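Colleague: Quick one: this structure, given as structure tokens, is what I'll be asking you about.
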Amino acid sequence: MTTNDLESAQDASTMIGIIGAGNLGQALARTALRAGRKVVISNSRGPESLAPVVAALGAGVSAGTVPEAAAAGIVAIAVPWSSVPTAVSGLQWHGRTVIDATNAWDAELGGRTSSELVADLVPGARLVKAANTLWAEVLGADPHEAGGRRVIFLSGDDAAAKASVVELFDAAGFFVIERRRDSAGVALRRKSGGRPNDAEGYRNPKRPLRG
Ligand SMILES: NC(=O)c1ccc[n+]([C@@H]2O[C@H](COP(=O)([O-])OP(=O)(O)OC[C@H]3O[C@@H](n4cnc5c(N)ncnc54)[C@H](OP(=O)(O)O)[C@@H]3O)[C@@H](O)[C@H]2O)c1
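Going by the working numbering, 371 is the number at position 69 of the sequence shown; the sequence numbering is gapless.
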């Protein structure tokens, strides 16, 4: 292996792949950049359509296909709930660390959590639920605020995957709080229900921070 090969292997393992390049996908890209990571971002229409997004996000972000994004060291799913099955199908997920940042507003989940349904769609992936409880506008902004660090919650069953996602958000400046277990029912907006509000959904950036 040459030095270049080694560098590209290291790049791939620390790279953040994002499936979905809308509000949340772009906010996650900003978070990853704050953490000093490179990003490959993708959507349903192909890399060419992402030229303005990549230009706005700046150095360190490239546009890719969904399979290219899904080959990164950490892959974030940031598509609308109804698009998740199509977005992730036909890809190799075994052993990959996947951030599920989706919310299943108003969806019928058949008594299961949305994370459980996503886990079925990415077989063998090490799933971490994270980044789904803040408005994209808030997530993408500097988490250092009012002399403190903005809190972000995550949960998941795989300790190593959680540790790598904690490392990512910590390096981006967030104060990470782990919820104890994902599949046991500690909900991070995973049950179907109403639209987000201050009490139980994303935090409204127009309202003051709570203590
Ligand atoms: N917006 C927020 O503040 C926020 C906060 C927390 C969590 N979330 C969650 O994040 C997810 C995305 O929300 P959003 O507001 O970012 O939506 P959005 O702005 O509408 O963006 C959706 C993105 O998903 C892409 N997409 C759709 N179908 C796809 C597919 N089959 N393959 C690849 N990419 C596909 C779209 O690409 P095309 O344009 O090419 O179709 C677009 O880039 C949702 O599950 C939402 O609940 C959102």
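Built from N, CA and C at the ideal position, the CB exists for glycine as well. Being a predicted model, the structure only gives us computed values, none of them experimental.
Which term fits Gln328, buried or exposed, when burial requires 16 or more other beta carbons within 10 angstroms of its beta carbon?
Modeller: buried
Colleague: By the three-class DSSP mapping on this structure, what secondary structure does Ala409 have?
Modeller: coil
Colleague: Since Val440 contacts Phe477 with CB under 8 Å, what's their CB separation in whole angstroms?
Modeller: In fact, because the Cβ distance is near 14 Å, the residues do not count as touching under 8 Å.
Colleague: Under a Cβ-count criterion, where at least 16 other Cβ atoms within 10 Å of its own Cβ denotes burial, should Gly319 be classed as buried or exposed?
Modeller: By the beta-carbon neighbour count (other beta carbons within 10 angstroms, threshold 16), Gly319 is buried.
Colleague: Shortest alpha-carbon distance to Ala378 belongs to which of Leu470, Arg482, Trp437, Ala409?
Modeller: Measuring C-alpha to C-alpha distances from Ala378 to each of Leu470, Arg482, Trp437, Ala409 identifies Leu470 as the nearest.
Colleague: Would you call the segment 459-468 and the segment 326-345 touching, i.e. three or more CB-CB distances under 8 Å?
Modeller: no
Colleague: What I want to know is whether the C-beta of Arg347 ends up closer than 6 Å to one or more non-hydrogen atoms of ligand 1.
Modeller: yes
Colleague: Could you tell me if the beta carbon of Trp359 falls within a distance shorter than 6 Å of some heavy atom in ligand 1?
Modeller: Just to set this straight, residue 359 is Leu in the shown sequence, not Trp. Outside the cutoff, so no.
Colleague: For Ile343 and Ala365, which I take to be in contact (beta-carbon distance under 8 Å), what is that distance rounded to the nearest angstrom?
Modeller: 6 Å
Colleague: Quick check: what's the CA-CA separation for Thr316 versus Thr399?
Modeller: 11 Å
Colleague: Can you give me the C-alpha to C-alpha distance between Gly360 and Val341, rounded to a whole angstrom?
Modeller: 10 Å
Colleague: What separation, rounded to the nearest whole angstrom, lies between the Cα atoms of Ser384 and Gly450?
Modeller: Going from the Cα of Ser384 to the Cα of Gly450 covers about 36 Å.
Colleague: How close, in whole Å, do the beta carbons of Leu393 and Gly362 come, if the pair is a contact with beta carbons under 8 Å?
Modeller: 24 Å between Cβ atoms; not a contact.
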